[in-house]
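**Student:** Pasting a structure here, questions to come.
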Amino acid sequence: MDPEISSSTRLAFTFRIVFLTWNYFVARDGNSQRGRAPSEFPCLTDMDLDRISYLPGHVIDQILSHLSIKEAVRTSVLSSKWRYKWATLPNLVFDNQFVCVAAQDHMIVKNKFLRTVDHVLLLHSGPINKFKLSHRDLLGVIDIDRWTLHVSRKAVKEFVLEIWKGQRYKIHSCLFCCQSLTHLELFNCWLKPPSTFKGFKNLKSLDLQHVTLAQDAFENLISSCPMLERLTLMNFDGFTHLNIDTPNLLFFDIGGKFEDISFESTFQLAVVSIGLYVNFEINQSRFRGSYSNLLKFFVNLPNLQRLEIQSYFLKYLAAGVVPINLPRPCIDLSYLSIRINLNDLKEISAALCLLRSSPNLQELEILVTLEFSNQFSVGHLGVAEMVAIVNCDGMQARQEEQTLMITHNYCWEDVFFSCPEMRMRKVKIDGISGIKPELDFISFLLLHCPMLERMTVIPVSNIGTELMRQLLRCRRASRQAEILYLDS
Amino acid sequence: MKMMKPYVWLQTSDDSIQQVEQEIAMFCPLICQEIIQKGMGSSKNCAICLPQQVSPAMLSLILDYCRFHQVPGRSNKERKSYDEKFVRIDTERLCELTSAADSLQLKPLVDLTSRALARIIEGKTPEEIRDIFHLPDDLTENVEVEEEHVDDRSVDDLLSFINGNDGGKLNILTILIFVFT
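Following this line, the structure appears as structure tokens:
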């Protein structure tokens, strides 16, 4: 059958039914209102018992918003009153729940998905607050352009697009003109803002994962979202220099390969998590002289409260000169998490610099990276990180360096000779294999944290009781300190 | 300056007037506005007239809710388990409560009850939902007109989409045919 004829017949049929049902309901509503006037009848009719249908529209919307869109749309078969109640649903979420069919055929699922989104959008009326498209069989198809255009005309506030399969989907340029956006979340997309792009004036939260974006486009995007409070960047390509210049930023989470990162006017930024997925050592030679990544990184972060340093980022911070202290301590920093190679002197001194410069730290988490082949096995890193490690040439370099470092007789007491006492209450050390630098580090912390309440030690698997014996011997500055040994 | 009084007078939909602790009643934004902006509720003569949706029974339920959550120092777990028990009432009263809470602009309670109502609807067939909420089954009349047009191939599709895989009656589903084919 000619698909075009078939669809046009269906369309004609569709309109006929809409017309028929519309006529029917107009007539029916008229009747029911006339019928309702004498309400003094003593017996309870169904209408008196049916309370849910008479709840205000915004309350019905709220009820329906707790259901999947499939279930919400299904309510249209309940009764005439419920015919179009779902149509004003402000949040349209098309995800895996939304199409579940017995058919395993991806083409059928895909076609059904496309058709249903079309129809839901066609029948929907009223404003769209949120539009989310995330289905495991969704490719970056041209239909998405049409939906993007539709919802951006409807002044959508939250736009979430996750392309699970295939190549990066090029975002339709109309999205970049959508000034109503407050939340934008894109997965596996290619962003190419038009030359007329003026930024998102109302955008508060931006989440880009597996995206491609040119360097200049990235800079332009970040600096032209003045209201931005939350920024997440994961596994991106096209840009490697990150200059974060957004005055209202509070939360920043990044994981990817980049060459350098700096902050400008981010004076409110409180929560930062950074993972560098590429071994920085390759570019180390650039950092001769008095240049210090640590100093550069913290200069515009006066309000930092939580900081996570993941993958190779400590190595990045340790590049160049590592100062003893930061010129301005991180007064508000209460939580610090560091992935560290305890055989790397520079990483240790960078970590110590952070500990010295965080007088009000309450909680410290140390993720230990020692033997490369073991530590970077399953469980310690995300898939993306592992891919990054496999892709880079760092493995060889790290192992060589390890043997070099291990010959240094590093003494914690020497380093912290004039160190003020630390105020941590909780310390967690994950990935311990029981070698000397680790035990030195643990005993050093126990000796210098008089407020310590709990130290959690998580060893790598298949480790004997020797580590436990060693831990028991450690002297503790805090009377209340307990050691929690979490053996798997 | 107005004197803050510990009690406030409220008039419910049946015209009865009662005295309740102001601190608790103030939890409802609507009552709060009446007291602060209009100076109402300070005596029996100028009792705050509550919206039609608030019957004495609903008011007492709502005040119970406010009283519990007004106490400081309760853990989130405690609050959650109270909330869970609180909405374990029959669906008619749940709807009435939703309507009353909405009219008093008590957002957290509306949120709680609409979540509970959604849970009731979730996973049920249209027949079951109609039974529970006493909805009139008034959509089937015009179905006959459409039924003859139903495309056989799409019924399976439709059934599986609308009802998951549990099957269902054709007549009510054909209504939706233009949505999902």
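Chains A and B, in that order, give the protein sequences. Mapping to the UniProt record's numbering: the first sequence position 41 is 41, numbers consecutive. Mapping to the UniProt record's numbering: the second sequence position 4 is 4, numbers consecutive. Just so it is clear, CB atoms sit at the ideal spot from N, CA and C, and this is done for glycine as well.
1) Does the beta-carbon of Gln-62/A have 16 or more other beta-carbons within 10 angstroms, so that it is buried, or is it exposed?
2) On the DSSP bridge assignment, give the partners of Tyr-485/A in chain order.
3) Buried or exposed: Leu-158/B, going by 16 or more other Cβ atoms within 10 Å of its Cβ?
4) Please report the residue range of the beta strand (DSSP E) in which Asn-243/A lies.
5) Find the residues of chain A that neighbour Cys-95/B, judging by a C-beta separation of less than 7 Å, and give them in chain order.
6) Can you pull the chain D residues whose beta carbon is under 7 Å from the beta carbon of Ile-63/A, in chain order?
7) Using the C-alpha atoms, what's the distance from Met-234/A back to residue 493/A?
8) Closer than 8 Å is the cut-off here; do at least three beta carbon pairs connect the segment 30-44 of chain B with the segment 97-109 of chain B?
9) On the three-state DSSP scale, how would you describe Cys-353/A?
10) Establish whether the CB of Ser-43/B and some CB of chain A are separated by less than 8 Å.
11) Quick check: what's the CA-CA separation for Leu-447/A versus Lys-80/B?
12) Could you tell me how far apart the beta carbons of Thr-456/A and Lys-436/A are, in whole angstroms, since I believe they sit closer than 8 Å?
13) Taking 8 Å as the cut-off, decide whether the C-beta atoms of Leu-138/A and Ile-163/A are in contact.
14) Is it buried or exposed, His-241/A, if we count other Cβ atoms within 10 angstroms and call 16 or more buried?
15) Spatial neighbours of Ser-358/A within its chain, please: C-beta separation below 8 Å, excluding the five flanking residues on both sides.
16) For chain A, find out if any of its Cβ atoms is closer than 8 Å to the Cβ of Asp-166/B; answer yes or no.
17) Does the Cβ-Cβ distance between Leu-61/B and Val-87/B come in under 8 Å?
18) Under the three-state reduction of DSSP, which class applies to Val-299/A: helix, strand or coil?
19) Below 8 Å CB to CB, which residues in the same chain sit around Gln-70/B once its five sequence neighbours on both sides are set aside?
20) Output needed for Ile-353/A: all residues of its chain with C-beta closer than 8 Å, excluding positions within five of it in sequence on either side, in chain order.
21) Going by DSSP, name the residue or residues bridged to Arg-306/A.
22) Mind listing the chain A neighbours of Ser-99/B? Cutoff is C-beta to C-beta under 9 Å, in chain order.
23) Any idea what DSSP makes of His-183/A, helix, strand or coil?
24) Taking C-beta pairs closer than 9 Å, name the residues in chain A that Arg-67/B reaches, listed in chain order.
25) Any beta carbon from chain B within less than 8 Å of Glu-71/A's own beta carbon?
26) Can you round the beta-carbon distance between Cys-225/A and Phe-200/A to whole angstroms, since I take them to be within the 8 Å contact cut?
27) Please say whether Cys-178/A and Val-156/A have beta carbons closer to each other than 8 Å?
28) Would Leu-97/B and Ile-48/B qualify as a contact pair, given that the criterion is a beta-carbon distance under 8 Å?
29) Chain A partners of Leu-139/B, CB-CB under 7 Å?
30) Looking only at its chain, what residues have a beta carbon closer than 7 Å to the beta carbon of Glu-34/B, apart from the 5 residues adjacent to it on each side?
**Tutor:** Taking the geometry as given:
1) Result: buried.
2) Answer by DSSP bridge pairing, in chain order: Val-457/A.
3) Reliability of the predicted coordinates at Leu-158/B is poor, the pLDDT of 44 falling under 50, and the value obtained from them is presented with this limitation in mind. By the C-beta density criterion, Leu-158/B is buried, having at least 16 other C-beta atoms within 10 angstroms.
4) 241-245 is the extent of the beta strand (DSSP E) around Asn-243/A.
5) Chain-order list of chain A residues neighbouring Cys-95/B: Arg-51, Ile-52, Leu-55, by C-beta distance under 7 Å.
6) The displayed structure is made up of protein chains A and B, and chain D is not among them.
7) Past the boundaries of the shown model lies residue 493/A; chain A is included only from 1 to 488, so the question cannot be answered.
8) These segments touch.
9) Correct three-state label for Cys-353/A: helix.
10) Ser-43/B is outside the set of residues whose beta carbon lies under 8 Å from a beta carbon in chain A.
11) Approximately 41 Å, taken between the alpha carbons.
12) Your pair Thr-456/A and Lys-436/A does not check out as a contact, with CB atoms roughly 21 Å apart and the cut at 8 Å.
13) Yes, the Cβ-Cβ distance between Leu-138/A and Ile-163/A is below 8 Å.
14) Counting of Cβ neighbours within 10 angstroms places His-241/A among the exposed residues, the total staying below 16.
15) So the list reads Pro-329, Cys-330, Leu-333, Leu-336, once near-sequence residues are dropped.
16) Any answer about Asp-166/B is weak, because its pLDDT of 39 lies below 50 and its placement is not dependable; what the coordinates show is given next. False, the Cβ-Cβ gap to chain A never drops below 8 Å.
17) Not in contact: Leu-61/B and Val-87/B (Cβ atoms no closer than 8 Å).
18) DSSP, read as helix, strand or coil, puts Val-299/A in coil.
19) Excluding positions up to five away in sequence, the list reads Glu-23, Ile-24, Phe-27.
20) For the record, residue 353/A in the displayed sequence is Cys; it is not Ile. So the list reads Leu-294, Val-322, Pro-323, Ile-324, Asn-325, Leu-326, once near-sequence residues are dropped.
21) When beta bridges are read from the DSSP output, Arg-306/A appears opposite Val-271/A, Tyr-335/A.
22) Near Ser-99/B (Cβ distances below 9 Å), the residues of chain A are Arg-51, Tyr-54, Leu-55, Pro-56, Val-59.
23) Correct three-state label for His-183/A: strand.
24) Near Arg-67/B there are no residues of chain A at all, since even the closest Cβ is about 23 Å away, more than 9 Å.
25) At least one chain B Cβ lies under 8 Å of Glu-71/A.
26) The beta carbons of Cys-225/A and Phe-200/A sit about 5 Å from each other, so the pair counts as a contact at 8 Å.
27) Their beta carbons are under 8 Å apart, which means Val-156/A touches Cys-178/A by this criterion.
28) No; because the gap between Cβ atoms is not below 8 Å, this pair is not in contact.
29) Per Cβ cutoff of 7 Å: Val-77, Ser-79, Ser-80.
30) Within the same chain, Cβ atoms closer than 7 Å to the Cβ of Glu-34/B are found at Met-40, Gly-41, Ile-48, the five residues on either side in sequence being excluded.
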